[in-house]
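If you're matching positions, the sequence shown starts at 8 in the working numbering and goes up one per residue. Glycine is no exception: its CB is placed at the ideal position from the N, C-alpha and C atoms.
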Amino acid sequence: ELEEVVVTAQRRAQNINDVGIAITAFSDEAIRSFGLNNSADIVLYTPGLVRSGQSGYSGKQIFQLRGVGLNTFSENQEGSVAVYQDDVYLAPQSGSVLETYDLERIEVLRGPQGTLFGRSATGGLVHFVSKRPTDDFEGNVGFEYGANDERHVELAVSGPLNEVISARLSGAWNEHDGWLDNTIGPDQMGEERYAARGQLLVTPNDDIEFLVKIE
């Protein structure tokens with residue numbers, strides 16, 4: 008039996024087979040299995056999606072989908088493939104390189120999305136959806152080790168604080184040595200990244216909820 012994949016491509020939870028849009032979706036299990044540690048990695052498993060970035064690490068990247076995209080890294084330009092995180096539009100290109108830790112799923116929508124997701128989404132959309140605080144206690148820790156002495160650690164803990172309030176705290180750390188040999192100093196192209204997210208969910212009744220997130 009095939010697992011049901013739920014997406015919110017039309018601003019409501021639906022089975023991906025019931026949505027008339029070309030979608031590539033990654034569940035939390037797929038994100039871990041494929042080793043998707045940041046937003047740049049999704050192009051390896053998404054047909055028609057490519058990215059470009061500035062030399063070195065600048066925190067900027069440009070997605071192009073089905074050949075539609077932007078070709079400038081200017082700060083006052085919005086990409087033709089919109090980037091969203093938890094329904095929030097990330098208009099500036101700075102900060103578009105995200106750590107993909109403690110996510111519920113990633114959705115890539117092909118074709119114009121301006122009706123539901125913003126005026127500049129003429130090529131498509133990339134949406135990163137975080138896991139929310141839970142009514143039951145849960146937690147997980149993950150560790151990876153790779154080439155160039157790369158170390159990657161993720162952790163998350165979630166649960167209720169009382170009958171109305173629940174919280175979730177998650178984080179990630181990634182570091183590796185430089186892979187470009189330098190004979191007169193430290194090796195180059197090394198990296199060290201940190202990320203953390205705290206969420207507080209207040210549900211006074213079945214019809215109202217407030218979610219506060221600090222990242």
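Which of helix, strand or coil does DSSP assign to S103?
Stepping through the sequence shown from its first residue, residue 103 is reached at position 96. Three-state result, S103: coil.
Are the beta-carbon atoms of T107 and F144 separated by less than 8 Å?
If you number the sequence shown from 1, residue 107 lands on position 100. If you number the sequence shown from 1, residue 144 lands on position 137. Result no, Cβ atoms of T107 and F144 do not sit closer than 8 Å.
Going straight from the alpha carbon of N189 to that of T79, what length do you get?
Along the sequence shown, read from residue 1 onward, the residue named residue 189 stands at position 182. Along the sequence shown, read from residue 1 onward, the residue named residue 79 stands at position 72. When rounded, the distance between both Cα atoms is 31 Å.
In terms of DSSP beta bridges, what is V95 paired with?
Stepping through the sequence shown from its first residue, residue 95 is reached at position 88. DSSP lists Q92 as partners of V95.
Along the chain, where does the beta strand (DSSP E) that runs through I30 open and close?
Counting from 1 along the sequence shown, the entry for residue 30 is found at position 23. Per DSSP, the continuous beta strand (DSSP E) segment holding I30 begins and ends at 30-34.
Measuring only from the beta carbon, is V26 closer than 7 Å to any heavy atom that is part of the ligand FMN?
This structure does not include the ligand FMN; it has no bound ligands of any sort.
On the DSSP letters alone, give me the boundaries of the alpha helix (DSSP H) that G121 sits inside.
For the purposes of this step, residue 121 is taken as residue 114 along the sequence shown, with counting starting at 1. Counting along the chain, the alpha helix (DSSP H) containing G121 begins and ends at 121-124.
With a threshold of 16 other CB atoms inside 10 Å of the CB of G146, please say whether the residue is buried or exposed.
Within the sequence shown, the letter at position 139 stands for residue 146. That one is exposed.
Cβ pair N181, R200 closer than 8 Å
Residue mapping note: residue 181 aligns to position 174 of the sequence shown, counting from 1. Residue mapping note: residue 200 aligns to position 193 of the sequence shown, counting from 1. Cβ atoms of N181 and R200: closer than 8 Å.
Give a yes or no on contact between the segment 23-43 and the segment 108-122, applying the rule of three or more CB pairs nearer than 8 Å.
yes
Which listed residue (N212, L168, E157) has its alpha carbon closest to that of W186:
Position 179 of the sequence shown, counted from the start, is the residue given in the question as residue 186. Minimum Cα distance to W186 is reached at E157.
Can you round the beta-carbon distance between S103 and K67 to whole angstroms, since I take them to be within the 8 Å contact cut?
Mapped onto the sequence shown, residue 103 falls at position 96. Mapped onto the sequence shown, residue 67 falls at position 60. Right, their Cβ atoms sit about 6 Å apart.
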